[in-house]
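Numbering (this note's numbering), first residue to last: 18 to 270.
We put the beta carbon where it would ideally sit given N, CA and C, even for glycine.
Inspection log for the structure reproduced underneath, given as structure tokens.
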Ligand SMILES: [Zn+2]
Ligand SMILES: [Zn+2]
Ligand SMILES: [Zn+2]
């Protein structure tokens, strides 16, 4: 299985429009973070987790020619805004795009992309096939996916586990039952927003505690703000089993 980070930034992305801080002015390509999303390739399947506002640019950059399904962690705009661009895959694959998410996320998608769900459809609009999921495992074309319910302040959000890989992008609380589901994770991706505490995201210190608790052989931090610091500097502070993800990074699991 191969996982590629399409984006590793928080909702505003990095650089932030108009910001003159040293991270936003950095020339290091690892300090350029589009909105958080990953591409998962198994032997026969190609999945996207979240289609944020940068989805088109990300799909072009990584030359993603086929997508079998899109999984949504939650309905926040930085995770859904690019959904219209799955039209390209409707056209290439001549089929509706299967979309998986909790009921709230699907409601949000129905509201924000209402034109895609009208009775009389305008030609060329995205063709979406919505599948509601809860906390039970579900199959997508022969691949078993385990939802990982976590809390993002008061909003229930899903992480996803496939095999020994687990992905959690917007969380600040993990329940005992989800720790159970995370057991045996070899590669973990978890959010680490910034150094200061935040109402709905793990900060750096909390993300380090969580990664220690989950105990994956390798942990990558994502959903990163410009306030976390420069990639090169933050990396030096992390234990060997933990790294900052960056846009374009691919890992084979
Ligand atoms: Zn987010
Ligand atoms: Zn900045
Ligand atoms: Zn969010």
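| Check | Outcome |
| --- | --- |
| Beta-carbon spacing of residue 208, residue 185 below 8 Å | yes |
| Three-state secondary structure assigned by DSSP to residue 249 | helix |
| Span separating the alpha-carbon of residue 49 from that of residue 72 | 15 Å |
| C-beta contact flag for residue 20 and residue 55 at 8 Å | yes |
| Cβ-heavy atom distance, residue 187 to ligand 3, below 7 Å | yes |
| Residue 120 CB to nearest heavy atom of ligand 1 below 7 Å | no |
| Residue 150 versus residue 39: straight-line alpha-carbon distance, rounded | 42 Å |
| Bounding residues of the alpha helix (DSSP H) (the contiguous stretch that carries residue 110) | 104-110 |
| Which listed residue (105, 257 and 152) has its alpha carbon closest to that of residue 142 | 105 |
| Secondary structure of residue 139, DSSP reduced to three states | coil |
| Proximity test, residue 240 beta-carbon vs ligand 2 heavy atom, cut-off 7 Å | no |
| Residue 241 and residue 261 closer than 8 Å at C-beta | yes |
| Cβ-based burial, residue 45 [other Cβ within 10 Å; buried from 16] | exposed |
| Alpha-carbon to alpha-carbon, residue 217 and residue 110 | 37 Å |
| 6 Å CB neighbourhood of residue 103 in its chain, flanking five on each side removed | 114 and 143 |
| Selection from 164, 203 and 197 that minimises the alpha carbon distance to residue 91 | 164 |
| Rounded straight-line distance, which links the Cα of residue 138 to that of residue 233 | 46 Å |
| CA nearest to the CA of residue 195, picked from 153, 226, 214 and 211 | 153 |
| Nonlocal neighbours in the same chain, by C-beta distance under 6 Å from residue 160, ignoring five residues either side | 59 and 62 |
| Residues that DSSP places opposite residue 235 in a beta bridge | 204 |
| Beta-carbon gap between residue 221 and residue 259 smaller than 8 Å | no |
| Minimum length 4: unbroken alpha helix (DSSP H) runs contained in the segment 61-98 | 72-78 and 94-97 |
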